[in-house]
Structures are given as structure tokens and as C-alpha cells.
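These notes concern the structure reproduced below.
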Amino acid sequence: MKIFVTVGTTKFDSLVAAIDEKLKNSNYDIVLQISDGKYLPKNFEYFDYTNSIQKYFEESDIVITHAGAGSIYELLELGKKIIIVPNLDRIDKHQTDIANYMDSNLYAKTLSSFDELLETIEYVRTQDFKKFKKESFFMTKEILDFIES
Amino acid sequence: MKQKAIILVYGEGGHRAQMKRLYDLIKLENEHKKYKFIGICENSKSINSLDKNFSIDPLRDKHSNFITLVNIPKGIFNYFRLFYKLSKDYDVRSVISTGPGIAIPISLYFKMLGKKIIFIETWSRFITVSMTAKVMYKIATKFYIQNKSLKKHYPDAIYGGLL
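Residue numbers (the numbering used here), protein chains in the order written: chain A, 1 to 149; chain B, 1 to 163.
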């Protein structure tokens, strides 16, 4: 099974380390996008950034993603199965907001603790999730008309 | 005669991603051609398709509160230097921002000049409020939210859907 891990534009060393350590004996095919992270994986392929992240998304069976809204919306739009991990290495903990929203509405699974990585991956592999329907931004013209007025 | 301009203020990461999506939507509208779109971003992570870009350093450090404190006086000086240049070179009509904190001083300055201030709260907030939004709610002429669940925190906000 192919798993892609993305941390977005802010490093998330604790997640990268947990995956490197806890999944080293699994037979998952794992690739990690680690931003400017200081922890460098010993057991899996990794890189800092890519311009073709959508390709990695599309080719994976499961994506483990930091709880950045941009990443989450993009992945759900592609219909991917995702495991959301709030980045608590950051000073502000706002990522729990969207993680809880997506989990409690059954659009994705949020990881509660790094100890549960293996069982969460297995759970998501066989689970079906609700399709997230995004209502697209519709106020652009109103904003421009208001500025013009 | 000075060119009419709209200033787009955006930080890195998700804030930049949202502003890029907004600008892609703006480009589809006819009124787009009437203005020069000027970007103010953090750490040179600009949106290349804008007419002109300026970069300033963020005041808040994501990993250290101490570094944040040290950045503040230096940041304020850079802000005023930029504001002066923009007012001199352009007929600024509005400031639109997607956060985070750099939205505040820029919006305040142009609000004092009587310009229209537009703020779009981030797509990542469903229940909690951001520090920037708490302040911008009081400053903005129009305050947009992308998730309906925020209406109870911001009764005068306008729901606009997701960028």
C-alpha cells in the first residue's frame, strides 16, 4: 500500500520522526514531504518540497497530512482517504479546529496519538468516508463592486 | 495622475494559497482591469501574477514567542516605510487581506485615510477565533467568513464560501 505524508509549508518533526520510527517494520511504501524539517528520515524516501504534489496525492492509497486547511480541502476534493494530524509543534494550536470538524463529520480520520499510527492506517484502509462537498467562494464580484462604489 | 490600486495583503502558507485563489477569481471579473493589484507578503513568498509585489518580515515567529518580541520594533519601522511609499506612488482604493497579523497595521493605516478595508477570515477556522480576526472584525468595512459556524462569533460577518 502506498502512503504519502505531507507537512505543508511548516516543519512537523514529531510526525516525521514518529512515522520513521513506528512504521519502519511495516511493508508500506512510504514517501514523506518534510518542508524545512530538521529530522531527516532514515527508513523512507523524503524531500522538502515539490511542485507536483498532486501527482503524489493521486498515486497514494492513503495520505497522512498535517491539519492545514489547504492540504485537507485539496485532498478531499481529489477524493483521497486521509489521516489528519494537527501540528502541535507549532506555537498556535489552531489546526485542531479543522481536524475535529473533519473527523466528527466523518470526512476523514484524525490521529489522536502517534502510538495509534498503525491501527489508524489499518482502520482507514478499509473504511469508507463521507464525500466533502465544498461550497466555492461566491463573493468576488460583490467585493469588487463594493470597492468601485 | 496616480494609478488606482488595490492592495492585497497575505502571509505565507495557507494565507498565501487563499489570496492566490482569490486573485484568480478577481482576474475573471471585468473590473479587474481598472486597478493595479499590489501585493504585500511575508518573506518574499509573493504571488508572481500580481502587478507589483512588496515583502515584509512577519512579526510573529511560529516556533518562538521570544523571537516575536524582538521582531516588533524592526517590523514597525519597515511597515511605515512601505506605507509611505505606497500612498505616494498609487491612488489606493482598498486593502483586501487573508491574514495573518500583517493585515492589521496595513489595514489600520489605510482605514485612517478613509479607504475600504476587506478582510477574509481563514478557511481553517470553524470554531475558534484567530487573533487577527478578532482585531480585523473591528477594523474591516466588510468582514467575510468561509465557514458558517463562525457566524456566532461574528454576527456582522458575511458568509462567502470557501476559496
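Glycine included, C-beta positions come from ideal geometry on N, C-alpha and C.
Q) When we look at the beta-carbon of A/Ser60 and count the other beta-carbons within 10 Å, is it buried (16 or more) or exposed? A) For the purposes of this step, residue 60 of chain A is identified with residue 60 of the first sequence, where counting begins at 1. Looking at its Cβ environment, which holds 16 or more other Cβ atoms inside 10 Å, A/Ser60 is buried.
Q. In this structure, does DSSP put A/Ala67 in helix, strand or coil?
A. As a first step, residue 67 of chain A is located in the first sequence; it is residue number 67 there, counting from the start. Coil.
Q: Since I believe A/Ile84 is in contact with A/Ala99 (beta carbons under 8 angstroms), could you give me their beta-carbon distance rounded to a whole number of angstroms?
A: Here the question's residue 99 of chain A lines up with position 99 in the first sequence. Here the question's residue 84 of chain A lines up with position 84 in the first sequence. So it is a contact: roughly 5 angstroms between Cβ atoms.
Q.
What does the alpha-carbon distance come out to for the pair A/Asp115 and B/Asp24?
A. As a working mapping, residue 115 of chain A is identified with position 115 in the first sequence. As a working mapping, residue 24 of chain B is identified with position 24 in the second sequence. The straight-line gap from Cα to Cα measures roughly 42 angstroms.
Q: Pick out the complete alpha helix (DSSP H) segments inside the stretch 68-94 of chain A, 4 residues or longer, and give them in chain order.
A: 69-77
Q. Which runs of the alpha helix (DSSP H) fall wholly inside the stretch 115-149 of chain A and span at least 4 residues, in chain order?
A. 117-126, 140-148
(Q) Quick check: A/Leu117 and A/Lys11, are their CB atoms within less than 8 angstroms of each other? (A) Start at 1 with the first residue of the first sequence, and residue 117 of chain A comes out as number 117. Start at 1 with the first residue of the first sequence, and residue 11 of chain A comes out as number 11. No, Cβ-Cβ distance for A/Leu117 and A/Lys11 is not below 8 angstroms.
Q | beta strand (DSSP E) segments (min. 3 residues) lying fully within the stretch 58-141 of chain B | A | 90-97, 116-120
Q. Are the C-beta atoms of A/Lys38 and some chain B residue less than 8 angstroms apart?
A. Here residue 38 of chain A is taken as the residue at index 38 of the first sequence, counted from 1. Not one chain B Cβ lies under 8 angstroms of A/Lys38.
Q) So, do the stretch 59-78 of chain A and the stretch 42-50 of chain A have three or more beta carbon pairs nearer to each other than 8 angstroms? A) no
**Q.** B/Asn25, DSSP secondary structure in three states
**A.** Counting from one through the second sequence, the residue named residue 25 of chain B turns up at place 25. Here residue 25 of chain B turns out to be Leu, not Asn, going by the sequence shown. Reduced to three states, the DSSP call for B/Leu25 is helix.
Q. Around the Cβ of B/Pro155, are there at least 16 other Cβ atoms within 10 angstroms (buried) or fewer (exposed)?
A. As a working note, residue 155 of chain B is residue 155 in the second sequence. Per the 10 Å Cβ criterion, exposed.
Q.
Could you tell me the alpha carbon to alpha carbon distance between A/Glu74 and B/Lys45, rounded to whole angstroms?
A. The count along the first sequence starts at 1 and reaches residue 74 of chain A at position 74. The count along the second sequence starts at 1 and reaches residue 45 of chain B at position 45. For A/Glu74 and B/Lys45, the distance between alpha carbons rounds to 20 angstroms.
Q) Are B/Gln146 and B/Ile104 closer than 8 angstroms when you measure CB to CB? A) As a first step, residue 146 of chain B must be located in the second sequence, where it is residue number 146. As a first step, residue 104 of chain B must be located in the second sequence, where it is residue number 104. Contact: no.
Q: Name the one or two DSSP bridge partners that A/Lys109 has.
A: Sequence index remark: in the first sequence, residue 109 of chain A carries index 109 (1-based). Bridge pairing for A/Lys109: A/Ile83 [DSSP].
Q: Could you tell me whether the Cβ atoms of B/Lys62 and A/Ile91 are closer together than 8 angstroms?
A: Taking the first residue of the second sequence as position 1, residue 62 of chain B is located at position 62. Taking the first residue of the first sequence as position 1, residue 91 of chain A is located at position 91. Yes, they are a contact pair.
**Q.** Validate contact between the stretch 20-40 of chain A and the stretch 135-145 of chain A using beta carbons, cut 8 angstroms, 3 pairs
**A.** no
Q. By a C-beta neighbour count over all protein chains shown, 10 Å radius and 16 as the cutoff for buried, is A/Met102 buried or exposed?
A. In the first sequence, the residue the question calls residue 102 of chain A occupies position 102. Its Cβ being crowded by 16 or more others within 10 Å, A/Met102 is buried.
Q: Determine the DSSP secondary structure at A/Lys42, reduced to helix, strand or coil.
A: The count along the first sequence starts at 1 and reaches residue 42 of chain A at position 42. Coil at A/Lys42, not helix or strand.
(Q) For A/Ile34, report the span of its beta strand (DSSP E) as first-last. (A) Position 34 of the first sequence, counting from 1, holds the residue named residue 34 of chain A. Here A/Ile34 belongs to no beta strand (DSSP E), and DSSP marks it neither H nor E.
Q) Touching or not, the stretch 90-104 of chain B and the stretch 121-136 of chain B, by the rule of three or more beta carbon pairs under 8 angstroms? A) yes
Q.
So if DSSP puts A/Phe47 in a beta bridge, which residue, or which two residues, is it bridged to?
A. Your numbering for residue 47 of chain A matches position 47 in the first sequence. DSSP output for A/Phe47 lists A/Gln33 as bridge partner(s).
Q: Determine the contact status of B/Ile26 and B/Ile40, defining contact as a CB-CB distance below 8 angstroms.
A: Position 26 of the second sequence, counted from the first residue, corresponds to residue 26 of chain B. Position 40 of the second sequence, counted from the first residue, corresponds to residue 40 of chain B. Result no, Cβ atoms of B/Ile26 and B/Ile40 do not sit closer than 8 angstroms.
Q: Tell me whether A/Arg96 sits in a helix, a strand or coil according to DSSP, three-state version.
A: Stepping through the first sequence from its first residue, residue 96 of chain A is reached at position 96. The sequence as given places Thr at residue 96 of chain A; Arg does not occur at that position. Three-state result, A/Thr96: helix.
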